[in-house]
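Undergrad: Same order as they appear, the protein sequences are chains G and A. Take the first sequence: its letter number 130 is residue 280 in the numbering used here, and every next letter is one higher. Take the second sequence: its letter number 174 is residue 187 in the numbering used here, and every next letter is one higher. Before we start, here is the structure in question, set down as structure tokens.
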Amino acid sequence: MGQGLRRYLQGYTAAAPLATFRVAIGLLVLASVVRFWAKGWIAELYLKPKFFFSYYGFEWVRPLGPYTYALFLFCGLCALLVALGYWYRSAAAGLFLSFTYIELMDKSTYLNHYYFVSLVGLLLVVLPAGRYFALDTWRHPARWRSEVPRWTVDALRLLMGIVYCYAGLAKLNSDWLVHAMPLRIWLPAKNDLSFIGPLLGQVWVAYAFSWFGAFYDLTVPFFLLNRRTRPWAYLTVVVFHVLTAVLFPIGMFPYVMMVAALIFFPAEWHERVLQRLRRLLRLSPASHQAPRPLVYGRATRQLLLIGLGAIFVVQLLLPFRYLLYPRELFWTEEGYRFSWRVMLMEKMGQVQFKVVDGATGRARLVNNYEHLSVLQEKMMSTQPDMLVQFAHYLRDYYARRGVRNPKVYADAYVSLNGRLGKSFIDPTVDLARVTDDWRPKPWILPFDDEITGL
Amino acid sequence: MKKSVLFAFALLLAALGIISCGKDGNGDTPGPDAAVDRKALLTQWADSLVKPGYQRFNDKLAVLKAKTTAFTAAPTPATLVDARQAWQAAYVEWQKVELFEFGPAEQVSLRNHFNIYPADAAGINRNITAGTYDFELATAIPQQGFPALDYLLNGVAAGDAAIAQQYASSANHRRYLTDVVAKMDQTFGTVYSQWNGSYRDTFVGNTGTDASSSLSRVINAYSLYFERYLRAGKVGIPAGTMTGTPRPEKIEAYYLKGALPLQLATTAHATVQQFFNGRPGRPSLKSYLDALGAKDSRTNQPLTGIINAQFGVSAQQLSSLGPDLYATMTARNADAVASYNEMQKAVRLIKVDMTSALGITVTYVDNDGD
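Written out as structure tokens, the structure reads:
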């Protein structure tokens with residue numbers, strides 16, 4: 151290790167940024183849970199469906215029936231405790247585990263920002279965010295620490311930087327830059343908005359949004375790091391995310407990013423925010439104790455650094471796993487998730503399953519809606535791994551109903567970024583015998599076009 | 014470092030300029046977006062399709078009510094034939110409005126009260142004998158509407174004289190027939206009056222593209238109708254595509270048979286086509302898609318041309334199933350299956366390619382772009 155790195159790892163900074171981040175994210179997750187509940191999505195997404203698309207290796211994670219409500223309650227409670235800094239470490243662990251469990255219950259609800267929240271939750275478990283402006287330190291003043299190693303705050307900044315940069319890299323492809331797809335489809339659909347509406351129908355606006363979006367994602371973390379550009383950069387963060395919130399149905403994502411980007415602000419700024427909060431809540435002003443840095447034991451520190459290092463190595467590599475697959479990523483979606491590919495595709499599909507009795511050869515067609523929710527069917531029809539999972543469910547379902555040795559075929563039709571739909575998977579392949587694993591899926595039919603770029 | 018970022022930005026801008034100019038040169042830009050006007054489209058649908066369509070259907074329903082009243086007042090073969098003709102005319106007219114299952118129609122589940130078949134003849138007979146029934150029950154769905162009338166006017170006995178005699182001799186039969194028509198009249202009445210009341214403005218004013226917008230609801234209703242009630246209901250299920258065995262007794266207007274079932278299906282198909290194309294010079298899905306510049310980016314063919322070509326093939330294959338759809342289902346089952354398959358191709362163009370090009374949202378759940 152170089153001198154510079156060693157010196158960097160020994161640097162200290164005020165604990166305030168971790169504290170405000172903890173409070174803000176805790177409250178945001180709490181709000182998300184309340185919103186999710188209020189919209190009736192718990193029942194709609196996790197109680198009503200008869201079948202759930204689990205993740206590879208996490209087949210044991212399933213909704214808990216009526217206890218799913220308790221799971222959400224627990225998650226919301228942990229988020230609140232994290233915000234308060236009460237039983238911080240356990241609350242953070244509870245938040246990370248319950249939120250991640252919820253996200254793993256059904257693939258069809260996968261969202262990049264849920265994944266982001268899970269990762270933040272994981273970082274919060276290991277970072278010392280409960281040592282300052284926290285109920286824990288009020289109960290146990292000995293735990294109070296006003297300074298933390300620099301790298302603990304920088305870990306959050308690095309995560310944000312990865313999210314933005316990888317989202318930007320993912321936009322460097324011909325559909326996005328050369329054809330302004332899919333914004334060219336999405337923007338005119340919003341032309342009834344006041345003020346900007348009339349502009350959104352213009353093709354050049356779709357190009358401008360595409361190019362600015364790519365440039366913004368690739369560069370904004372650096373502008374946020376730089377002291378002089380920071381205020382302007384944060385202004386664009388707000389404008390950009392407010393715009394996406396107005397234009398697209400992406401739920402809490404814009405707010406999560408707007409709040410999380412505050413981590414780039416200097417410690418003094420966070421300290422001022424906390425001061426204002428203290429006055430608002432009529433708490434005693436910042437303790438006049440002498441600054442007390444958090445000093446880790448040698449082994450703990452080593453372990454933390456290695457753990458964080460491992461997390462970030464995975465984060466840096468995971469989005470590139472798609473390179474291990476031979477064909478067009480947008481078409482096959484092999485290695486698509488968990489890679490910060492946000493708002494990249496207008497992809498739609500329709501699939502008709504056919505179940506054939508292996509003994510009699512009698513065929514019947516399946517009404518997907520009898521087994522799946524609207525969201526599940528929509529998500530499944532364009533994602534090969536989910537098609538296989540549903541085919542296996544159908545195989546077992548019909549086997550129970552007396553069909554001998556059921557063979558399952560799918561006639562799928564998918565359109566991507568304005569290309570006319572075409573056959574998606576080989577309709578002669580018996581999906582009941584195909585296994586869903588990480589190997590390339592040869593039964594996905596060719597894309598018959600090319601998208602160049604990353 | 015800052016300089017190089019500025020340089021990169023300038024480079025991006027320059028490239029953007031070059032690309033957008035190049036695109037203009039190719040004539041790649043969609044036409045003037047004056048026609049990408051959802052309010053005009055919704056207004057056209059409300060004032061020139063839904064409301065006039067409902068009005069014409071309302072007239073036919075009034076005739077049906079008058080003729081069935083005349084028949085129950087004096088059940089003879091002559092009044093029966095009159096009632097049956099009024100039923101046929103109303104049934105055909107219904108095909109032109111069944112696809113409007115959004116807004117008020119969706120609220121009262123109009124289709125459930127009007128056209129879920131095959132009719133539950135045993136249930137209808139039980140109701141007649143019992144003399145009490147509740148048309149709002151889920152089990153009562155196939156015991157009312159046009160399919161129930163099909164059974165009541167064509168299937169309760171063999172031959173017109175016997176049918177008339179059945180009604181002459183049974184007050185319960187007369188009452189059931191009256192009640193079925195009265196329920197249709199009442200249910201449709203609420204939908205019709207809402208469209209003539211405040212709902213029209215609500216519909217036209219909801220110009221967004223989210224899952225609760227008028228456009229999204231119309232497109233959902235339209236593609237659902239085409240897929241489930243035309244493709245599967247009228248052809249696929251009786252042809253046995255779902256189960257592997259032809260089930261001709263599941264066709265629409267099964268008790269009358271003859272030319273009517275195919276006439277109903279072709280009327281429905283023509284309605285789907287007309288809804289797409291509208292009238293020349295007026296806003297329609299076609300003009301809206303053309304204004305968006307929707308095309309297959311692999312071949313640059315306009316999407317509307319591709320859809321209309323498939324509509325044509327599908328309509329032709331469907332009309333070849335005559336003259337008697339019931340007989341065709343077994344005698345020329347392969348033709349019926351082929352018709353289903355051609356409709357399926359059109360369904361995909363509507364459900365996938367058109368919906369995608371429109372940029373409408375089909376679910377209420379958060380989505381970050383697939």
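Using N, Cα and C, we set each Cβ at its ideal position, and we do this for glycine too.
1. For residue 534/G, which residues of its own chain have a beta-carbon under 7 Å away from its beta-carbon, when the five flanking residues on both sides are left out?
2. Do we get a CB-CB distance below 9 Å when we pair residue 565/G with the residues of chain A?
3. When DSSP labels each residue in this structure, what does residue 578/G get in the three-state scheme?
4. Note the first and the last residue of the continuous alpha helix (DSSP H) segment covering residue 350/A.
5. Using only CA atoms, which one of 508/G, 228/G, 572/G lies nearest to residue 549/G?
6. Scan the region 479 to 492 of chain G for residues whose Cβ lies nearer than 7 Å to a Cβ of chain A and list them as they occur along the chain.
7. Provide the residue span of the alpha helix (DSSP H) that contains residue 178/A, from first to last.
8. Nearest to residue 479/G by CA position, among 363/G, 428/G, 247/G, 321/G, is which residue?
9. Rounding to the nearest angstrom, what Cα-Cα distance links residue 200/G and residue 249/G in this structure?
10. How is residue 623/G classed by DSSP in three states: helix, strand or coil?
11. Is the beta carbon of residue 306/G closer than 9 Å to that of residue 168/G?
12. Is residue 36/A helix, strand or coil by DSSP?
13. To which residues does DSSP link residue 498/G through a beta bridge?
14. Compare the C-alpha of residue 285/A against each of 239/A, 319/A, 315/A, 304/A and name the closest.
15. Residue 282/G: buried (16+ other C-beta within 10 angstroms of its C-beta) or exposed?
16. Hey, is residue 57/A's beta-carbon within less than 9 Å of any beta-carbon in chain G?
17. Which residues mark the beginning and the end of the beta strand (DSSP E) in which residue 301/A is found?
18. If you reduce the DSSP assignment to three classes, tell me which class residue 323/G lands in.
19. Flag residue 595/G as yes when its Cβ comes closer than 8 Å to any non-hydrogen atom of the ligand GDP, and as no otherwise.
20. Does the distance from the CB of residue 236/A to the CB of residue 364/A come in under 9 Å?
21. List the whole-angstrom C-beta distance separating residue 564/G from residue 499/G, where the pair is believed to meet the contact cut-off of C-beta under 8 Å.
22. Taking a cut of 8 Å between CB atoms, which residues from the region 500 to 511 of chain G lie near chain A?
23. Residue 584/G touches chain A at which residues, Cβ-Cβ below 8 Å?
24. Enumerate in chain order the residues of its own chain whose CB-to-CB distance from residue 462/G is below 7 Å, with the five nearest sequence positions on each side excluded.
25. Which class does residue 205/G belong to by DSSP, given the choice of helix, strand or coil?
26. In whole angstroms, what separates the C-alpha of residue 597/G from that of residue 259/A?
27. So if I threshold CB-CB distances at 7 Å, which residues from the region 514 to 528 of chain G count as touching chain A?
28. At a Cβ threshold of 9 Å, is residue 101/A touching chain G?
29. Check this for me: beta carbons of residue 530/G and residue 258/G, under 9 Å apart or not?
30. Below 8 Å, can you find three or more Cβ-Cβ pairs linking the region 169 to 188 of chain A to the region 53 to 67 of chain A?
31. Taking only beta-carbon positions, decide if residue 263/G is within less than 9 Å of chain A.
32. Can you find a CB in chain G that lies within less than 9 Å of the CB of residue 42/A?
33. Please name the residue or residues paired with residue 603/G in a DSSP beta bridge.
34. Check the Cβ-Cβ distances between residue 147/G and every residue of chain A, and say whether any is below 9 Å.
35. For chain A, find out if any of its Cβ atoms is closer than 9 Å to the Cβ of residue 403/G; answer yes or no.
36. Buried or exposed for residue 489/G, please, with buried defined as at least 16 other CB atoms from any protein chain shown within 10 angstroms of its CB.
TA: In terms of the structure at hand:
1. Within the first sequence, residue 534/G is the residue found at index 384, counting from 1. The residues are 482, 483, 575, 591, 594.
2. Within the first sequence, residue 565/G is the residue found at index 415, counting from 1. Closer than 9 Å: yes.
3. As a working note, residue 578/G is residue 428 in the first sequence. Reduced to three states, the DSSP call for residue 578/G is coil.
4. For this step, residue 350/A is matched to residue 337 along the second sequence. Where residue 350/A is concerned, the enclosing alpha helix (DSSP H) starts and stops at 346 to 361.
5. Mapped onto the first sequence, residue 549/G falls at position 399. Ranking 508/G, 228/G, 572/G by Cα distance to residue 549/G puts 508/G first.
6. Cβ contacts with chain A: 492.
7. The count along the second sequence starts at 1 and reaches residue 178/A at position 165. Looking at the DSSP string, the run of the alpha helix (DSSP H) that includes residue 178/A is 173 to 182.
8. In the first sequence, the residue the question calls residue 479/G occupies position 329. Minimum Cα-Cα distance from residue 479/G among the listed residues 363/G, 428/G, 247/G, 321/G corresponds to 321/G.
9. Against the first sequence, residue 200/G aligns to sequence position 50. Against the first sequence, residue 249/G aligns to sequence position 99. Distance between the alpha carbons of residue 200/G and residue 249/G is about 22 Å.
10. Absent from the model: residue 623/G. The displayed extent of chain G is 151 to 604, so no value can be given.
11. Residue numbering aside, residue 168/G sits at position 18 when the first sequence is read from its first letter. Residue numbering aside, residue 306/G sits at position 156 when the first sequence is read from its first letter. Using a Cβ distance threshold of 9 Å, residue 168/G and residue 306/G count as a contacting pair.
12. Counted from its first residue, the second sequence places residue 36/A at position 23. Model confidence at residue 36/A stands at a pLDDT of 37, short of 50, so the residue's coordinates are unreliable and nothing is read from them.
13. By 1-based counting over the first sequence, the position of residue 498/G is 348. Per DSSP, the beta-bridge partners of residue 498/G are 565/G.
14. Counting from 1 along the second sequence, the entry for residue 285/A is found at position 272. Considering only alpha carbons, the answer is 239/A.
15. Working through the first sequence from its first residue, we reach residue 282/G at position 132. When all chains shown are included, residue 282/G counts as buried.
16. Within the second sequence, numbered from 1, the residue matching residue 57/A stands at position 44. At a cut-off of 9 Å between beta carbons, residue 57/A makes no contact with chain G.
17. As a position in the second sequence, residue 301/A is number 288, starting the count at 1. Premise fails: residue 301/A lies in the alpha helix (DSSP H), 298 to 305, not in any beta strand (DSSP E).
18. The sequence position of residue 323/G within the first sequence is 173, counting from 1. In the displayed model, residue 323/G falls within a strand according to three-state DSSP.
19. With respect to the ligand GDP, the structure offers nothing, as it holds no ligand at all.
20. If you number the second sequence from 1, residue 236/A lands on position 223. If you number the second sequence from 1, residue 364/A lands on position 351. Yes, the pair counts as a contact, with Cβ atoms nearer than the cut-off.
21. Here residue 564/G refers to the residue found at position 414 when the first sequence is read from its first residue. Here residue 499/G refers to the residue found at position 349 when the first sequence is read from its first residue. About 4 Å separates the beta carbon of residue 564/G from that of residue 499/G, a gap short enough to meet the 8 Å contact definition.
22. Cβ contacts with chain A: 500, 502.
23. Reading the first sequence from its first residue, position 434 is the one you call residue 584/G. In chain A, no part has a C-beta under 8 Å from the C-beta of residue 584/G; the shortest such distance is about 23 Å.
24. Start at 1 with the first residue of the first sequence, and residue 462/G comes out as number 312. Excluding positions up to five away in sequence, the list reads 308.
25. Numbered from its first residue, the first sequence carries residue 205/G at position 55. The answer is coil: DSSP assigns residue 205/G none of H, G, I, E or B.
26. By one-based count along the first sequence, residue 597/G stands at place 447. By one-based count along the second sequence, residue 259/A stands at place 246. As the crow flies, the alpha-carbon of residue 597/G is around 36 Å from that of residue 259/A.
27. Residues 514, 515, 524, 525, 528.
28. Within the second sequence, the letter at position 88 stands for residue 101/A. For residue 101/A, the answer is no, since every Cβ of chain G falls outside 9 Å of its Cβ.
29. Mapped onto the first sequence, residue 530/G falls at position 380. Mapped onto the first sequence, residue 258/G falls at position 108. Yes.
30. Look at the beta carbons and you see the region 169 to 188 of chain A not touching the region 53 to 67 of chain A: under three pairs across the two are nearer than 8 Å.
31. On the first sequence, position 113 is the one that residue 263/G refers to. Output row for residue 263/G: interface = yes.
32. Walking along the second sequence from the start, residue 42/A turns up at place 29. Confidence at residue 42/A is low in this model, with a pLDDT of 40, below 50, so the placement of that residue is unreliable and no value is reported for it.
33. Your numbering for residue 603/G matches position 453 in the first sequence. Per DSSP, 323/G.
34. Because residue 147/G is not part of the residues shown, which for chain G are 151 to 604, the question remains open.
35. Position 253 of the first sequence, counting from 1, holds the residue named residue 403/G. Interface residue, yes.
36. Indexing the first sequence from 1 puts residue 489/G at position 339. It counts as buried.
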